[in-house]
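Colleague: Here you go, one structure.
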Amino acid sequence: MKKLLSSILIMVTLLTFNQVKASSLPLINSYQLVEAQATYTNGLYLVQAACRDESDLEQITYFLEYLGSCSKEVITEDNLDTLLASDFGVTCSDEDIRNLITYQAYNEEDDRYIYGILVKVVGEFSADEFNSYMPENYGIYYLSTASAPEISPAIETHVLNYDEHFTLDDIKARYTATDNYDHDLTDQIEFTSNFPTNEDEYKLGEYYITATVRDSSGNQTSVTHQIYLVDITKPKFNVEVVSKEYAYGTELDLAAILADINCVDNYDGAISYDKWELTPTIDFSSLQPQEIKVSVKDTSDNEASFILNILFKDEEAPVISVNMIDISTTNPLSADEIVKLLVKGGQIPANYLSYQLTTDYFDYQDKVGIHDATLEVTYPNKTSNYRFKINVVNSELPSPTNNYNYLPYILAGLSGLILIGVLTGYLIYHHKQQNQE
Numbered sequence: 022m023k024k025l026l027s028s029i030l031i032m033v034t035l036l037t038f039n040q041v042k043a044s045s046l047p048l049i050n051s052y053q054l055v056e057a058q059a060t061y062t063n064g065l066y067l068v069q070a071a072c073r074d075e076s077d078l079e080q081i082t083y084f085l086e087y088l089g090s091c092s093k094e095v096i097t098e099d100n101l102d103t104l105l106a107s108d109f110g111v112t113c114s115d116e117d118i119r120n121l122i123t124y125q126a127y128n129e130e131d132d133r134y135i136y137g138i139l140v141k142v143v144g145e146f147s148a149d150e151f152n153s154y155m156p157e158n159y160g161i162y163y164l165s166t167a168s169a170p171e172i173s174p175a176i177e178t179h180v181l182n183y184d185e186h187f188t189l190d191d192i193k194a195r196y197t198a199t200d201n202y203d204h205d206l207t208d209q210i211e212f213t214s215n216f217p218t219n220e221d222e223y224k225l226g227e228y229y230i231t232a233t234v235r236d237s238s239g240n241q242t243s244v245t246h247q248i249y250l251v252d253i254t255k256p257k258f259n260v261e262v263v264s265k266e267y268a269y270g271t272e273l274d275l276a277a278i279l280a281d282i283n284c285v286d287n288y289d290g291a292i293s294y295d296k297w298e299l300t301p302t303i304d305f306s307s308l309q310p311q312e313i314k315v316s317v318k319d320t321s322d323n324e325a326s327f328i329l330n331i332l333f334k335d336e337e338a339p340v341i342s343v344n345m346i347d348i349s350t351t352n353p354l355s356a357d358e359i360v361k362l363l364v365k366g367g368q369i370p371a372n373y374l375s376y377q378l379t380t381d382y383f384d385y386q387d388k389v390g391i392h393d394a395t396l397e398v399t400y401p402n403k404t405s406n407y408r409f410k411i412n413v414v415n416s417e418l419p420s421p422t423n424n425y426n427y428l429p430y431i432l433a434g435l436s437g438l439i440l441i442g443v444l445t446g447y448l449i450y451h452h453k454q455q456n457q458e
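Everything in the sequence shown is counted per my numbering, starting at 22 for the first residue and increasing by one.
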């Protein structure tokens with residue numbers, strides 16, 4: 022279709038407005054038997070020659086050429102139209118005249134075949150002179166011609182743009198007809214065409230129109246031209262350039278990215294995004310700016326496009342993985358207790374200002390299982406993200422808030438008791454010494 026449009030459109034400017042008159046071949050409209058003593062003048066004649074065989078016909082034709090051009094083969098219904106048009110520049114539609122020209126017979130008395138020979142006489146010759154060359158003939162006829170009406174324009178192709186809403190009447194209005202006797206015959210033109218008369222039925226493709234006109238003498242001219250209904254309008258996007266940014270890792274598909282963009286064609290209607298072509302395709306793993314050409318072709322190969330500038334930005338801070346923590350079903354922990362447990366275990370710094378803990382653990386604290394957890398912690402000069410797992414078990418675990426180390430206190434208590442005992446012994450001993458003195 023695209024190549025066809027290219028070749029057709031080259032002719033649009035030349036053919037649509039520059040109309041050239043079409044010429045029709047003169048029409049043989051009558052014949053007259055020439056008298057034996059007549060003088061031949063310029064014109065077309067039919068000689069019914071007596072021949073022994075076709076080779077004799079060739080010989081007779083050779084002698085007749087002194088009068089002008091003549092037919093050199095047996096004339097039949099099959100070759101008549103071609104011979105009339107190519108050799109003599111005329112045409113004939115009258116059945117009686119056609120039968121006369123193509124007449125063939127065998128004369129038993131003379132043992133001769135009768136063939137018709139067409140001769141275009143140039144100049145003037147007497148019948149006597151003619152008969153001296155060809156004494157045996159069965160008739161010489163003068164064939165009268167008349168000019169048929171002319172129909173314009175002489176264009177072979179009507180190229181109609183679908184968007185210009187041409188009608189069959191618009192095409193008919195391009196035609197005029199004139200005649201040498203009747204003059205203007207435009208209103209006598211009869212048309213036949215398969216071009217739709219209802220615009221709702223218009224389909225792209227090839228049609229035809231035939232214009233026929235007949236003058237008052239019965240001369241008829243008919244021309245047939247092609248009609249091409251074509252679509253040369255591009256589809257239309259509602260944007261020319263569009264820029265979009267998304268967070269890296271966002272779950273996206275092409276439908277979501279192109280959701281606010283549409284494409285409409287004058288003939289095909291709305292063209293969905295799944296028929297669009299992206300060059301290159303979107304790289305969802307890249308953090309570099311991407312310029313994507315989005316294009317589409319309609320069913321007539323008209324192409325439209327727009328530019329999609331797309332950028333995926335990495336806005337998420339790095340996530341730090343920490344060790345799994347165990348929590349007993351019999352001793353569930355709050356968010357604060359979990360954070361303190363992480364601090365106590367050295368998993369996160371203790372100088373945090375605030376935090377946000379996200380996990381489904383709090384919905385299943387009494388059930389054994391493992392839960393994902395994320396923790397966003399704000400420190401004086403930064404924010405850190407942590408990822409860890411919470412393992413809920415049945416066994417008893419120490420409470421993170423009462424898990425004190427009593428050994429130093431025990432040792433201190435024992436040391437105090439020993440010191441008190443030593444001091445008490447010393448005092449008793451010293452008191453006894455004083456009493457003895």
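Where a beta carbon is used, it is the ideal one built from N, C-alpha and C, also for glycine. All values derive from a computational prediction rather than experimental measurement.
1) Determine whether the beta carbon atoms of VAL143 and GLY89 lie at a separation below 7 Å.
2) By alpha-carbon positions, which one of LEU363, LEU54, TYR385 and THR380 ends up nearest to LEU121?
3) Three or more C-beta pairs under 8 Å: does that hold for the stretch 272–289 against the stretch 310–330?
4) DSSP has THR197 in a bridge; who is on the other side?
5) Any idea what DSSP makes of GLU227, helix, strand or coil?
6) Could you tell me whether the stretch 328–342 touches the stretch 352–365, where touching means 3 or more Cβ pairs closer than 8 Å?
7) For LEU206 and VAL234, which I take to be in contact (beta-carbon distance under 8 Å), what is that distance rounded to the nearest angstrom?
8) Verify whether the separation of the beta carbon atoms of THR166 and VAL111 is less than 7 Å.
9) Please state if the CB of ASN240 and the CB of LEU67 are separated by a distance shorter than 7 Å.
10) Since ILE138 and TYR159 are thought to touch, with beta carbons under 8 Å apart, how far apart are those beta carbons, to the nearest angstrom?
11) Starting from VAL414, follow its DSSP beta bridges and name the residues at the other end.
12) Taking 7 Å as the cut-off, decide whether the C-beta atoms of TYR373 and VAL343 are in contact.
13) Would a C-beta distance cut-off of 7 Å place THR231 and PRO170 closer than the cut-off?
14) To the nearest angstrom, how far is it from the Cα of ALA194 to the Cα of ASP208?
15) So is TYR61 buried or exposed if we call it buried at 16+ other beta carbons inside 10 Å?
16) What's the C-alpha gap between THR37 and LEU101?
17) Just the Cα atoms here: how many angstroms apart are ILE328 and THR302?
18) Threshold first: 3 residues or longer. Then list the beta strand (DSSP E) segments lying entirely within the stretch 339–400, N to C.
19) Give the C-beta separation of ASP384 and THR350 to the nearest angstrom, bearing in mind that I take them to be a contact with Cβ-Cβ under 8 Å.
20) On the DSSP letters alone, give me the boundaries of the alpha helix (DSSP H) that PHE84 sits inside.
21) Would you tell me roughly how many angstroms separate the C-alpha atoms of GLU298 and LEU275, rounded to the nearest one?
22) For a quick check, are the C-beta atoms of ILE348 and VAL317 less than 7 Å apart?
23) For THR271, which three-state DSSP category applies?
24) For LYS257, which of helix, strand or coil comes out of DSSP?
25) According to DSSP, is LYS314 helix, strand or coil?
26) For the putative contact between TYR229 and ASN215, defined by C-beta atoms under 8 Å, what is the C-beta separation to the nearest angstrom?
27) Starting from ASN287, trace the beta strand (DSSP E) both ways and give me its first and last residue.
28) So for ASP205, helix, strand or coil by DSSP?
Modeller: So, to answer that:
1) yes
2) LEU54
3) yes
4) SER173
5) strand
6) no
7) 5 Å
8) yes
9) no
10) In fact, because the Cβ distance is near 11 Å, the residues do not count as touching under 8 Å.
11) SER349
12) no
13) no
14) 10 Å
15) buried
16) Because THR37 sits at a pLDDT of 39, beneath the cut-off of 50, its placement in the model cannot be relied upon, and the following sentence gives the value as read from the coordinates. If you take the alpha carbons of THR37 and LEU101, they lie about 35 Å apart.
17) 12 Å
18) 340–342, 346–349, 375–380 and 390–399
19) Going by Cβ atoms, the distance from ASP384 to THR350 rounds to 13 Å, so no, they are not a contact pair.
20) 75–85
21) 11 Å
22) no
23) coil
24) strand
25) strand
26) 6 Å
27) It is not in any beta strand (DSSP E) - ASN287 carries neither H nor E in the DSSP assignment.
28) strand
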